[in-house]
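Each protein sequence line maps, in turn, to chains A and B. All residue numbers for the first sequence refer to the numbering used here, where the first residue is 24 and numbers rise by one. All residue numbers for the second sequence refer to the numbering used here, where the first residue is 24 and numbers rise by one. Using N, Cα and C, we set each Cβ at its ideal position, and we do this for glycine too. Model, not experiment: these values are computed from the prediction. First comes the structure, then the notes that go with it.
Protein chains: 2
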Amino acid sequence: MSAPQSLTAALLVIGDEILSGRTKDKNIGTVADFLAARGIELREVRVVPDEIGEIVAALDAMRRRHTYVFTTGGIGPTHDDVTADAVAAAFGVPLIEDPRALALLLQRVAPDDLNAARRRMARIPQGADLVENTVSKAPGFWIGNVIVMAGVPAIVESMLAAVAPKLKGGAPVISRTIDVGNMPEGAYAAELALEAARHPEVSVGSYPAYREGKFANQIVVRGKGEAQVEAAVEAIQTMIAKLRAAGKDKYTIT
Amino acid sequence: MSAPQSLTAALLVIGDEILSGRTKDKNIGTVADFLAARGIELREVRVVPDEIGEIVAALDAMRRRHTYVFTTGGIGPTHDDVTADAVAAAFGVPLIEDPRALALLLQRVAPDDLNAARRRMARIPQGADLVENTVSKAPGFWIGNVIVMAGVPAIVESMLAAVAPKLKGGAPVISRTIDVGNMPEGAYAAELALEAARHPEVSVGSYPAYREGKFANQIVVRGKGEAQVEAAVEAIQTMIAKLRAAGKDKYTIT
Numbered sequence: 024m025s026a027p028q029s030l031t032a033a034l035l036v037i038g039d040e041i042l043s044g045r046t047k048d049k050n051i052g053t054v055a056d057f058l059a060a061r062g063i064e065l066r067e068v069r070v071v072p073d074e075i076g077e078i079v080a081a082l083d084a085m086r087r088r089h090t091y092v093f094t095t096g097g098i099g100p101t102h103d104d105v106t107a108d109a110v111a112a113a114f115g116v117p118l119i120e121d122p123r124a125l126a127l128l129l130q131r132v133a134p135d136d137l138n139a140a141r142r143r144m145a146r147i148p149q150g151a152d153l154v155e156n157t158v159s160k161a162p163g164f165w166i167g168n169v170i171v172m173a174g175v176p177a178i179v180e181s182m183l184a185a186v187a188p189k190l191k192g193g194a195p196v197i198s199r200t201i202d203v204g205n206m207p208e209g210a211y212a213a214e215l216a217l218e219a220a221r222h223p224e225v226s227v228g229s230y231p232a233y234r235e236g237k238f239a240n241q242i243v244v245r246g247k248g249e250a251q252v253e254a255a256v257e258a259i260q261t262m263i264a265k266l267r268a269a270g271k272d273k274y275t276i277t
Numbered sequence: 024m025s026a027p028q029s030l031t032a033a034l035l036v037i038g039d040e041i042l043s044g045r046t047k048d049k050n051i052g053t054v055a056d057f058l059a060a061r062g063i064e065l066r067e068v069r070v071v072p073d074e075i076g077e078i079v080a081a082l083d084a085m086r087r088r089h090t091y092v093f094t095t096g097g098i099g100p101t102h103d104d105v106t107a108d109a110v111a112a113a114f115g116v117p118l119i120e121d122p123r124a125l126a127l128l129l130q131r132v133a134p135d136d137l138n139a140a141r142r143r144m145a146r147i148p149q150g151a152d153l154v155e156n157t158v159s160k161a162p163g164f165w166i167g168n169v170i171v172m173a174g175v176p177a178i179v180e181s182m183l184a185a186v187a188p189k190l191k192g193g194a195p196v197i198s199r200t201i202d203v204g205n206m207p208e209g210a211y212a213a214e215l216a217l218e219a220a221r222h223p224e225v226s227v228g229s230y231p232a233y234r235e236g237k238f239a240n241q242i243v244v245r246g247k248g249e250a251q252v253e254a255a256v257e258a259i260q261t262m263i264a265k266l267r268a269a270g271k272d273k274y275t276i277t
């Protein structure tokens with residue numbers, strides 16, 4: 024957050040199916056990777072049900088804090104798809120049947136088959152730009168700083184690709200991972216805190232994983248300056264090697 | 024939300040590594056499944072960075088709205104583990120070195136190896152109960168209506184099992200899935216909305232998926248009354264069969 028033109032984003036995942044456990048979300052990871060590669064800092068994610076009041080409240084909280092808010096889910100043809108209604112309400116604009124969106128739908132369905140349910144997918148908040156969907160045509164949209172996407176992961180990827188050239192980009196974050204294997208976090212935590220304090224221009228995280236009854240820990244250094252990241256990585260690798268030489272990796276607790 | 028003793032929950036996922044894309048979260052799905060099986064409605068999820076201010080703000084918003092708030096992440100020994108500090112701050116209680124937690128840590132590490140970093144894992148907000156961790160001993164804790172767990176998925180499962188007998192339980196939600204195959208949502212959306220309106224005591228969702236270039240849609244009926252769920256399922260199956268007989272599954276758009 025130190026750069027003057029710091030770009031931040033939030034993601035709003037909309038869908039009862041995530042909260043019920045019926046669907047395991049994949050879009051959070053996809054959007055996180057997408058933004059990190061562009062130097063946009065994802066600061067917050069929320070998951071809310073398909074309810075207009077909950078969606079509006081979350082949108083209003085997030086869109087005032089961040090450069091961009093992305094949403095996934097709730098823009099299909101069924102009765103539980105209420106995202107477009109909620110976004111229009113949040114911005115205080117009418118939800119209109121958009122001729123551009125209708126034309127896109129007609130690329131995939133014959134005019135006689137364009138029933139009322141399918142026409143729901145052409146309802147776009149007035150003033151929004153459309154976001155292309157190369158998978159199934161029904162578009163997402165972009166209004167103010169809010170980018171509204173479908174929930175199906177393949178369509179999310181298509182829509183992210185469509186908006187990518189139009190997003191402001193920051194300095195990409197450089198991330199380096201140091202594998203410390205079974206050395207427990209408790210063996211290096213004090214020294215790592217010192218290194219993190221010595222390198223305030225990068226962020227240093229320690230991430231335990233648990234595989235086959237053993238911890239498999241990694242330290243991650245992230246920052247926007249390559250030289251600063253590399254200096255911190257080198258210092259931490261030296262510190263870990265010293266601890267290993269001193270036999271500090273023999274404890275069994277993290 | 025109709026039952027008088029309606030139980031709701033929120034989940035707060037704490038960790039820079041989820042927001043950076045470095046780690047793909049698995050705990051949301053695990054907690055969602057766990058709560059659904061117990062009749063506790065997961066109403067909201069948030070993901071925030073390892074920053075005390077962000078954690079306190081999210082906790083304060085969530086714990087006033089829900090029966091339970093679960094958190095994952097940020098209770099290890101390293102400098103980026105600040106969840107215990109944040110929870111103590113949110114409740115306005117001191118963070119103390121808890122003798123019960125120290126005793127648990129000493130089950131896994133020799134007294135001489137219990138350095139300052141490891142002792143961080145015994146820092147518990149005053150007045151909290153401990154939550155057992157059968158994987159690596161370092162406990163979670165439960166204060167007020169907030170249940171604080173580790174981030175490693177295997178430890179989350181261990182901690183959920185530990186708190187399960189102490190949670191209030193609601194009527195479990197019954198969920199039935201109707202596979203509609205390639206029939207596009209647009210072909211049944213209008214009729215499905217009618218069935219949803221005719222069965223207001225259940226919730227009806229339609230969920231598209233996309234596999235090998237084709238949509239593979241499912242309709243999910245959820246509710247607490249078995250007879251009501253079954254009646255809605257039967258009505259929707261009949262409706263889908265009629266549409267299929269009328270050739271409505273031949274369109275290519277959802």
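**Report entry** CA-to-CA distance, B/Ile75 to A/Asp202, given in whole angstroms
**Finding:** 27 Å
Query raised in the report: Relative to the C-alpha of B/Val244, which residue among A/Ser29, A/Ala177, A/Lys265, A/Asp39 is closest?
Result: A/Asp39
Query raised in the report: Between the C-alpha atoms of A/Phe57 and B/Gln241, what's the straight-line distance to the nearest angstrom?
Result: 29 Å
**Report entry** Contacts around B/Asp103, its chain only, beta-carbon distance under 6 Å, and the 5 residues preceding and following it disregarded
**Finding:** The beta carbon of B/Asp103 lies closer than 6 Å to those of Asp73 in the same chain, with the five residues before and after it left out.
Requested in this report: Check whether the Cβ of A/Met24 lies closer than 7 Å to any Cβ atom in chain B.
Outcome: Reliability of the predicted coordinates at A/Met24 is poor, the pLDDT of 40 falling under 50, and no value is obtained from them.
Query - Inter-residue Cα distance where the pair is B/Met24 and B/His89 - result: Only weak support exists for where B/Met24 lies, its pLDDT of 40 falling under 50; the value from the coordinates is given anyway. For B/Met24 and B/His89, the distance between alpha carbons rounds to 12 Å.
Query raised in the report: Helix, strand or coil: which one does DSSP assign to B/Lys237?
Result: strand
Requested in this report: Taking B/Gly228 as the query, report the chain A residues whose CB atoms sit under 7 Å from its CB, ordered along the chain.
Outcome: Asp39, Glu40, Asp103, listed in chain order.
Query raised in the report: Roughly how many whole angstroms lie between the Cα atoms of B/Leu215 and A/Pro100?
Result: 11 Å
Query raised in the report: Taking Cβ-Cβ distances below 9 Å as the criterion, which residues of the region 54-66 of chain B are in contact with chain A?
Result: Val54, Ala55, Asp56, Phe57, Leu58, Ala59, Ala60, Glu64, Leu65, Arg66
**Report entry** Given 8 Å, three or more beta-carbon pairs between the region 252-272 of chain A and the region 42-51 of chain B
**Finding:** no
Query raised in the report: Taking three-plus beta-carbon pairs below 8 Å as touching, is the region 116-133 of chain B in contact with the region 170-186 of chain B?
Result: no
Query raised in the report: Taking Cβ positions, are A/Gly97 and A/Ala194 nearer each other than 7 Å?
Result: no
Query raised in the report: Rounded to the nearest angstrom, how far is the Cβ of B/Gly209 from that of A/Ala145, given a contact under 8 Å?
Result: About 11 Å; that fails the 8 Å criterion.
Query raised in the report: Would you report the Cα separation of B/Ala80 and B/Glu224, rounded to the nearest angstrom?
Result: Spanning the two alpha carbons is a distance of roughly 35 Å.
Query raised in the report: Counting only beta-carbon atoms, is A/Leu35 nearer than 7 Å to chain B?
Result: no
Query raised in the report: Is the CB of A/Pro223 under 7 Å away from at least one CB in chain B?
Result: no
Report task. Let me know the secondary structure DSSP gives B/Glu74 once reduced to three states. Result -> coil
**Report entry** For B/Gly52, the first and last residue of its enclosing alpha helix (DSSP H)
**Finding:** 50-60
Query raised in the report: A/Pro100 touches chain B at which residues, Cβ-Cβ below 7 Å?
Result: Here the neighbours are Glu208, Gly209, Ala212, Thr277.
Query - Where B/Lys189 falls, given that 16 or more other Cβ within 10 Å makes a residue buried - result: exposed
Query raised in the report: Hey, would you say B/Ile166 sits closer than 7 Å to B/Ala185, going by beta carbons?
Result: no
Requested in this report: For the beta strand (DSSP E) containing B/Gly228, list its first residue and its last residue.
Outcome: Going by DSSP, B/Gly228 is part of the beta strand (DSSP E) stretching over 226-230.
Requested in this report: May I ask which residues mark the beginning and end of the alpha helix (DSSP H) holding B/Pro122?
Outcome: 122-128
Report task. Taking only heavy atoms of the ligand FMN into account, decide whether any of them is closer than 6 Å to the Cβ of B/Gly52. Result -> As far as ligands go, the structure on display features none, and thus does not contain the ligand FMN.
Query raised in the report: Span of the alpha helix (DSSP H) holding A/Pro176?
Result: Here the alpha helix (DSSP H) through A/Pro176 covers 176-186.
**Report entry** Short Cβ contact (7 Å threshold) for A/Leu35 with A/Thr94
**Finding:** yes
Requested in this report: In the DSSP assignment, find the beta strand (DSSP E) that holds A/Asp39 and state where it starts and stops.
Outcome: Per DSSP, A/Asp39 belongs to no beta strand (DSSP E); it is in the alpha helix (DSSP H), 39-42.
Query raised in the report: From what residue to what residue does the alpha helix (DSSP H) around A/Leu217 run?
Result: Per DSSP, the unbroken alpha helix (DSSP H) holding A/Leu217 starts and ends at 208-221.
Report task. Tell me whether A/Val196 sits in a helix, a strand or coil according to DSSP, three-state version. Result -> The answer is coil: DSSP assigns A/Val196 none of H, G, I, E or B.
Query raised in the report: With a CB to CB cut of under 6 Å and the five nearest residues on each side skipped, what residues in its chain are close to B/Ala26?
Result: In this prediction, B/Ala26 has a pLDDT of 43, which is less than 50 and means its spatial position is unreliable; nothing more can be read from the coordinates.
Query raised in the report: Does DSSP put A/Ala32 in a helix, in a strand, or in coil?
Result: strand
Query raised in the report: Where does A/Glu155 fall in DSSP's three states?
Result: coil
Query raised in the report: Ends of the alpha helix (DSSP H) at B/Arg143?
Result: 139-143
Report task. Compare the C-alpha of B/Val110 against each of B/Ala161, B/Arg69, B/Ile263, B/Leu82 and name the closest. Result -> B/Leu82
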